[in-house]
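Participant: Residue numbers (UniProt numbering): 1 to 897.
Below is a structure I'd like to ask you about.
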Amino acid sequence: MAEVTVSELAKTVGASVERLLMQMKEAGLSHTSEGASVSDDEKQTLLAYLKGLHGDSAREPKKIVLQRKTLSTLKSGNRKTVNIEVRKKRTYIKRSDEEIQAQVDAEAQEQLEVEDVAAVVAPEPVVMPEPEVVAEVIPEPVAEVIPEPIPEPTPESVADSPKVYADPELQRLAAIGARRKAAAEAKAKAEAEALFKVEEAARLAAEAAAAAKVAEAKKVGKPAPAAKPAVSGEPVHDKTRRFGKAAPTDDDDKVGKKAKKPIGKGGKKKGRLAMNDMDDSRRKSPRLRSGMPAALKVDNKHTFQKPTEKKVLEVQIPDEISVGELAQRMLSKSGPVVRQLMKMGVMASINEVIDQETAFLVVEELGHQPVVEQVESVEDELAKQFAEIKSEGTEEPRAPIVTVMGHVDHGKTSLLDQIRKSRVASGEAGGITQHIGAYHVDTPKGMVTFLDTPGHAAFTAMRARGAQATDVVILVVAADDGVMPQTEEAIQHAKAAGVPIVIAINKMDKDGADPERVTNELAAKDVIPEEWGGDTQFIKVSAHTGDGIDQLLEAVLLQSELLELTAPVNVPARGVIVEARVDKGRGVIATALVQQGTLRKGDFMLAGESVGKIRAMTDEAKKPALEAGPSIPVEILGLDEAPKAGDEFFVVADERKAKEIAETRQTKARQERMSRQQAAKLENMFSDMGADQVSKLNLIVKTDVRGSLEAINSALHDFATSEVAVDIVASGVGGITESDMNLALTTGAIILGFNVRAGGAARALGEKENIEVRYYSVIYNLLDEVKSALSGMLAPETREDIVGIAEVRDVFRSPKFGAIAGCMVIEGTVFRSKPIRVLRDDIVIYEGELESLRRFKDDAQEVRNGMECGIGVKNYNDVKPGDLIEVFDVTQVQRSL
């Protein structure tokens, strides 16, 4: 073996270098560093030293006992758990060289005895009986059969043993085992050959006897018997009796006596079986009496082997799965799955559907590995196709999409009005923006697309959509008003969407403008101006005079240049629905903002749950348009129903695929809506049993656009309390129809129309049935009236006011009135007609009313502070001196939300 270093040797033996160097030093070796080389002799020296430390070989253990303990748990039928402990003990004994040598000698002696016995094994010679008549055919004498000597095992046979050991002692034991095996095989072979020769000698003797009988028969002149020799193990058929010939002699019967004996039940002559030494070709297959072959008998013993260990499977689980299918995926029966569900408190049959979370728990409890099934839906295919299309298109610069946000009445729409040189704000009801408006403006420095969002608190969702569909946010703050709640909300939406903010401090032309206050308040909201070291641009503007408009546009374009906005142009269009409404004469009209690609007239569009072919397109100025590129808002006509504001739209070439996706989305939305309703019913089932009934106000809401509908529904649901709530029976976009009137008549609901009106037939039906219909154009008025209606449904609040207290000084007995308390009024006024309480040690012991109130001998209706009076308490005679009689008044106060 090559020399190794000390560090390598330490790594091999599993010891540290320092400990190995110390042991080598104690052994007398001169190694002091880990890089020193160690030879084989030095290794032996070290090994001898270490052996000496632990004792010589004479002190080595002669016996080693290994014990192993295993624990298992057995569950009985009555759900009791029994712990089973199995202990195994195995002893290994090391034998000495003398014992091993004695065993080898004994095995060698046994081998010699086996060889001697095999050498003398030989069949006895067959002695033929002398026939009475000398036969003409004399058989040859049978030679004595001497078996061949058993060959001695050779080294080659020993080498062919199944295992070869490196240890000489183990190799020697293996050779002994091989010699024993060879001796046993040779002994068995010799016995088989001796038996064969004995049978052969018997056969020759039988043939000789038969030949002698034939010769004797010829000499006497009698018919010769059958000449067929009787072979050992062969049946002798009685053909002479069958054909009426002479019967054989007694000797002949004796020769074939055993062969004629049938196998099976006694008395049966047919079906005798041949012996084993008969030739296979002479055997006949068993047949029935009809002559047809009998069916073969096959051993029906099964060969199934029970698995030794449980197989753990990876079970793919979708969003919903039936109990039967879940059992099939686990390669199990449905019974264990149903029982496990019952243990979890879920009563489900084999055909019922369970959710993914429940299925995960069941699979884990049954010992398998649950995995979420990745099913590629049509939605995934659509997203993948558009990702490929976008990668193939050429990116080109596009205009920025800017959203104007801020608190109500801070001048957002007026600022846009000044930029567009139009009068949008005056067209809105009350000068308040009710829905999102989209416009694009061509400036000397480039085109900019603006989105105007409402500032009212009810339009939170619309502001969130505006922040998500934009590149830059202009946050308008009034210089005379400062930061308001909707301003903070707009900042949160912009930060959540990761969109940069440009602050426009408006109304700088007013006398009370204070831009420094606005800057400080925004800085407190973590919006730091660039002058203070932040990253937000602050621009002072005036929507009334137009001051600062150019600087604001320049700041927006500068921010968009930093973003490096690009989008592919020559690809199918993709974008977001800003707003949608239903026009009575034209149908569904949706405002779409293109984000990538080019939208053309005639394209087939998929938007949320609605599909349709674009029949017409107009820009924000109501002019027809044939196509729209990235960052351009247009109004489209042709969808089958109004999509939701914020839905993403795609232009799809395959109409069938688009309709399939729309139907899938509608089905999924319907299932989610039904599951929410069912969950609400289950959650409120037990809580409503002991609680008071909630008063509900039934409403039918119809609006002009989808965004306003969502904002109103959300605000109305926020009015709900534990006593009153709003139940929106139906809602939609468009005018009020006859079906809405019939639904209101059936449910007793009130119809709210926001910027819509009822048609002629619907109006006539409403007047005939006295259906209440209310029209609104400002969202404030709608919400305020609904709130006041809910307040009127609240139960009035009851209040108690203490009006007088009288102290009992003495008690007199009257035969007519019973116990009369002589009292002094110490506070307020005691009234005869008001309820009272009797207090003893500041604890109420009785509550009722006065039976009599007298001052001297006269009845009194009231007694003021500082006067004496006699008080009779109705149905109570346990009044004692020192008690207090408290007179109070009950008033009811109307509550409000």
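C-beta atoms are modelled at their ideal positions from N, C-alpha and C, and glycine is treated no differently.
Keep in mind it's a predicted model, so treat the numbers as computed, not measured.
Measuring alpha carbon to alpha carbon, tell me which residue in Ile503, Gly534 and Ser542 is nearest Ala513.
Facilitator: Comparing Cα-Cα distances from Ala513 to each of Ile503, Gly534 and Ser542, the minimum goes to Ser542.
Participant: Cα separation between Ala457 and Thr566?
Facilitator: Confidence is the limiting factor: at Ala457 the pLDDT is only 47, short of 50, which leaves the residue's position unreliable and the question unanswerable from this model.
Participant: Indicate whether Thr5 and Leu29 have their beta-carbon atoms separated by less than 8 Å.
Facilitator: Not a contact, by the Cβ cut-off of 8 Å.
Participant: Helix or strand or just coil, what does DSSP make of Gly734?
Facilitator: In the structure shown, Gly734 sits in coil (DSSP, three-state: anything other than H, G, I, E or B).
Participant: Quick one, which of Ile539, Lys510, Glu191 and His410 has its alpha-carbon nearest Ala490's?
Facilitator: If we check each option's Cα against that of Ala490, His410 comes out closest.
Participant: At which residues does the beta strand (DSSP E) containing Gln596 begin and terminate?
Facilitator: Segment Gly587 to Gln596, the beta strand (DSSP E) holding Gln596.
Participant: At the level of alpha carbons, what is the spacing between Leu639 and Ser334?
Facilitator: Using only the alpha carbons, I get a separation of about 47 Å.
Participant: Can you find the residues in the same chain that come closer than 6 Å, C-beta to C-beta, to Val353, ignoring five residues on each side of it along the sequence?
Facilitator: Only Glu320 and Ser322 meet the Cβ criterion.
Participant: Which value, in whole angstroms, describes the spacing of the CA atoms of Leu599 and Glu396?
Facilitator: Cα to Cα, the separation comes out at about 16 Å.
Participant: Here's the rule I'm using: 16 or more other beta-carbon atoms within 10 Å means buried, otherwise exposed. How should Glu42 be labelled?
Facilitator: Buried: at least 16 other Cβ atoms inside 10 Å.
Participant: Between the beta-carbon of Leu552 and the beta-carbon of Arg586, is there less than 8 Å?
Facilitator: Going by C-beta atoms, Leu552 is not nearer than 8 Å to Arg586.
Participant: So which of Ala592, Asp603, Ala628 and Leu626 has the shortest CA-CA distance to Asp647?
Facilitator: Nearest option by C-alpha distance: Ala592.
Participant: Does the pairing of the region 866 to 886 with the region 814 to 829 give three or more beta-carbon distances under 8 Å?
Facilitator: Judged by Cβ distances under 8 Å, the region 866 to 886 makes contact with the region 814 to 829, as three or more pairs qualify.
Participant: Among the residues of its own chain, which have a CB less than 6 Å from the CB of Ala761, if the five just before and after it don't count?
Facilitator: Taken in chain order, the residues that qualify are Glu738.
Participant: Could you have a look at Ser322 and say whether DSSP puts it in helix, strand or coil?
Facilitator: Ser322: strand per DSSP, three-state reduction.
Participant: Contact defined as beta carbons within less than 8 Å: I believe Lys696 pairs with Ala725. What is the distance between those atoms, to the nearest angstrom?
Facilitator: Contact holds; Cβ gap of about 5 Å.
Participant: Return the residue from the list Lys412, Arg574, His544 and Gly498 that minimises the CA-CA distance to Gln504.
Facilitator: Rather than Gln, the amino acid found at residue 504 in this sequence is Ala. For Ala504, the nearest C-alpha among the options comes from Lys412.
Participant: Taking a contact to mean a Cβ-Cβ separation below 8 Å, would you say Ala479 touches Ile401 in this structure?
Facilitator: Against a cut-off of 8 Å, the Cβ pair of Ile401 and Ala479 comes out as no contact.
Participant: Rounded to the nearest angstrom, how far is the Cβ of Thr449 from that of Ser631, given a contact under 8 Å?
Facilitator: About 5 Å; that satisfies the 8 Å criterion.
Participant: Where Asp603 and Val651 are concerned, what is the direct C-alpha to C-alpha distance, given to the nearest angstrom?
Facilitator: Asp603 and Val651: Cα-Cα distance of roughly 6 Å.
Participant: Taking C-alpha atoms, which residue in Met344, Ser349, Ile350 and Tyr776 lies nearest to Glu357?
Facilitator: Looking at the Cα atoms, Met344 is the closest of the given residues.
Participant: Using C-beta distances below 6 Å, list every residue in its chain close to Ser33, excluding the 5 sequence neighbours before and after it, in chain order.
Facilitator: For Ser33, where only same-chain residues beyond five positions count, there are no Cβ hits under 6 Å.
Participant: What is the residue span of the alpha helix (DSSP H) that Met24 lies within?
Facilitator: That run of the alpha helix (DSSP H) goes Val17 to Glu26.
Participant: Report all residues from its chain with a CB closer than 6 Å to the CB of Arg665; omit the five preceding and five following residues, and keep chain order.
Facilitator: Cβ neighbours of Arg665 beyond the five flanking positions: Glu609.
Participant: For Pro515, report the span of its alpha helix (DSSP H) as first-last.
Facilitator: Here the alpha helix (DSSP H) through Pro515 covers Pro515 to Ala524.
Participant: How about Lys525 and Val483: do their beta carbons lie closer than 8 Å?
Facilitator: For Lys525 and Val483, yes; Cβs fall inside 8 Å.
Participant: Which word fits Gly35, buried or exposed, when buried means at least 16 other C-beta atoms lie within 10 angstroms of its C-beta?
Facilitator: Exposed: under 16 other Cβ atoms inside 10 Å.
Participant: On the criterion of 16 or more Cβ atoms from any shown chain inside 10 Å, does Glu635 qualify as buried, or is it exposed?
Facilitator: Glu635 should be labelled buried.
Participant: Taking just the CA atoms, how far does Lys11 sit from Glu26?
Facilitator: Taking the straight line from one Cα to the other gives about 20 Å.
Participant: Per DSSP, what kind of secondary structure is Gln374 in: helix, strand or coil?
Facilitator: Of the three classes helix, strand and coil, the one that applies to Gln374 here is coil, per DSSP.
Participant: Have a look at Met24, Gly872, Glu785 and Leu782 and flag the residue whose alpha-carbon is nearest the alpha-carbon of Pro815.
Facilitator: Checking every option, the nearest Cα to that of Pro815 belongs to Gly872.
Participant: Ignore the nearest five residues each way along the sequence and tell me which others in Ile501's own chain have a CB closer than 6 Å to its CB.
Facilitator: Only Val473, Leu475, Ala494 and Thr536 meet the Cβ criterion.
Participant: Of the residues Lys51, Ile549 and Ile176, which one's Cα is nearest the Cα of Asp105?
Facilitator: Of the candidates Lys51, Ile549 and Ile176, the one whose C-alpha sits nearest the C-alpha of Asp105 is Ile176.
Participant: Return the CA-CA distance between Glu191 and Ala210, expressed in angstroms with no decimal places.
Facilitator: Going from the Cα of Glu191 to the Cα of Ala210 covers about 29 Å.
Participant: Taking Val569 as the reference, which of Lys768, Gln595 and Val825 has the closest Cα?
Facilitator: When only C-alpha atoms are compared, the closest one is Gln595.
Participant: For a test of your reading of the model: does the CB of Asn875 fall under 7 Å from any non-hydrogen atom of the ligand PLP? Yes or no.
Facilitator: Ligands are entirely absent from the displayed structure, and the ligand PLP is therefore not among its contents.
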